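Heads up, the sequence shown is in the UniProt record's numbering, so the first residue is 1 and it goes up one at a time.
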Amino acid sequence: MKKQKYTMKHIQKLKKKKSSTKQLHHRFATKKSPKPKMSPKGRFEWKWPATFVIGLSFIILAVPTLIVLPFISNNEVHSKSVDQPPKYEEVLAEESAVEVAVMRTQTDQIENVPLETYVSGVVASEMPIEFEKEALKAQALAARTYIVNKMLYQEENADSDVTDTIFDQVYKNDTELRAKWGANYNKNMEKISQAVSETKGQIITYNEKPIDPQFFSTSNGFTENSEDYYITEIPYLRSVPSPWDEISPYYVDQETFTFEQVEAALDIDLPDNENLVIESTRTESNRIAELNLAGNQFTGREVREKLELRSNDFTIEQKDNYLIFTTRGNGHGVGMSQYGANGMAQEGKTYEDIIKYYYKDVEITTLDIAAPALVMK
Numbered sequence: 001m002k003k004q005k006y007t008m009k010h011i012q013k014l015k016k017k018k019s020s021t022k023q024l025h026h027r028f029a030t031k032k033s034p035k036p037k038m039s040p041k042g043r044f045e046w047k048w049p050a051t052f053v054i055g056l057s058f059i060i061l062a063v064p065t066l067i068v069l070p071f072i073s074n075n076e077v078h079s080k081s082v083d084q085p086p087k088y089e090e091v092l093a094e095e096s097a098v099e100v101a102v103m104r105t106q107t108d109q110i111e112n113v114p115l116e117t118y119v120s121g122v123v124a125s126e127m128p129i130e131f132e133k134e135a136l137k138a139q140a141l142a143a144r145t146y147i148v149n150k151m152l153y154q155e156e157n158a159d160s161d162v163t164d165t166i167f168d169q170v171y172k173n174d175t176e177l178r179a180k181w182g183a184n185y186n187k188n189m190e191k192i193s194q195a196v197s198e199t200k201g202q203i204i205t206y207n208e209k210p211i212d213p214q215f216f217s218t219s220n221g222f223t224e225n226s227e228d229y230y231i232t233e234i235p236y237l238r239s240v241p242s243p244w245d246e247i248s249p250y251y252v253d254q255e256t257f258t259f260e261q262v263e264a265a266l267d268i269d270l271p272d273n274e275n276l277v278i279e280s281t282r283t284e285s286n287r288i289a290e291l292n293l294a295g296n297q298f299t300g301r302e303v304r305e306k307l308e309l310r311s312n313d314f315t316i317e318q319k320d321n322y323l324i325f326t327t328r329g330n331g332h333g334v335g336m337s338q339y340g341a342n343g344m345a346q347e348g349k350t351y352e353d354i355i356k357y358y359y360k361d362v363e364i365t366t367l368d369i370a371a372p373a374l375v376m377k
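Next up, the structure:
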């Protein structure tokens, strides 16, 4: 029995020692990653640490994309709502070999403007934007030819080439046109730019020299011979029919003056309460050539300019101490009628057709051929 007890203690000690050794071995043993289990459908099932790492990687990659996408989308929508830069900017920004020194009457400063930019500002100011493009192109040629002619033949010591008023050509710069047109600026200026760019560098010549391209708003049905208004006979400024002008809002006008107003404007004395002697002769185009008003002699041009009438085609009716002037047309009547040009364009005529109709026996020539000295300045 004693031997058996010893044996049992010994066995217990051995078991205890074996258990301690096993625990120590387990404590310092290298841990192995668990093998992935297969799901019933054959896919691996990872335990949560691996799932967390993959999820975190997805967030790092995906979140910036999710943040950026709305901004890209918004920018795309925004870009569609913003007006794209109009094509005319490319035309106006292009360097020009010729610059025009424009005397700005409002600021009394000289503004140096590239030639084609200047032409754009004149066309936009001188002709209604609603007109046909071929009419605008004809106006561009007239405007370009006018300033080229003036730059070639004016005095060399002149401070400026041209003013911005009706005494030369009305001109407005980009800032002024934006104020004039407001929200319609881009659309309107694009139309003007096309007319200018499609005639770029072209001028009107007679005997290989730039002409003096007179133009005006509305005729009385005919244009005027140059000598009937300006005294000098110019071969390309001949009277031609212009029936399209009848639709112009300026075709007929009427103004009433008191005797006192007429006396002050014409520097004459009119007898009160008497029927005045009113006699006149007319030009080939039916405008007033000479007027006898109560014994006072005037040309039709003098009366028109001093009373600021629209035209020198007028009739006079007396009522007591009042004179009623009824006019036909708007402007001096020499050269190209703007409303006539638009009427021709509406019938399908080109700007070349318009130019060669209103200016007789002329050619359309490029600036480098007709005025090389100006281009090389």
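Ideal Cβ placement from N, Cα and C applies to all residues, glycine included.
Computed from a predicted structure; not experimentally measured.
When DSSP states are grouped into helix, strand and coil, glutamine 169 belongs to the coil group. Pairing leucine 141 with threonine 199 gives a Cβ-Cβ distance under 7 Å. Cβ neighbours of glycine 329 within its own chain (closer than 6 Å, five residues either side excluded): Thr218, Ser219, Asn220, Ser311, Asp313. Counting only residues of its own chain and dropping the five nearest sequence neighbours on each side, glycine 331 has a CB closer than 6 Å to the CB of Phe216, Ser217. The beta-bridge partner set that DSSP reports for tyrosine 351 is empty. Taken in chain order, the complete alpha helix (DSSP H) segments of 4 residues or longer contained in the region 275-320 are 300-307.
In the three-state scheme derived from DSSP, where H, G and I count as helix and E and B as strand, tyrosine 236 is classed as coil.
Relative to asparagine 342, the option among Val123, Asp245, Gly201, Gly182 whose CA is nearest is Asp245. Judged by DSSP secondary structure, asparagine 186 falls within the alpha helix (DSSP H) whose first and last residues are 185-197. Assigned with DSSP and collapsed to three states, glutamate 246 falls in helix. Straight through space, the alpha carbons of proline 372 and glutamine 346 are spaced by roughly 35 Å.
A check of alpha carbon separations from methionine 103 across Asp161, Ala124, Leu152 identifies Asp161 as the nearest. In the displayed model, asparagine 220 falls within coil according to three-state DSSP, outside both helix and strand. In the three-state reduction of the DSSP assignment, valine 148 falls in the helix class. Going by beta carbons, serine 239 and glutamate 224 fall inside the 7 Å limit.
For lysine 191, the closest of Ser285, Gly121, Gln169 by C-alpha to C-alpha distance is Gly121. When secondary structure is reduced to three states using DSSP, lysine 133 falls in the helix class.
With a beta-carbon spacing of about 19 Å, alanine 101 and isoleucine 203 fall beyond the 8 Å limit used to define contacts. Rounded to whole angstroms, the gap between the alpha carbons of glutamate 116 and asparagine 286 is 37 Å. The three-state reading of DSSP puts glutamate 155 in coil, since its state is none of H, G, I, E or B.
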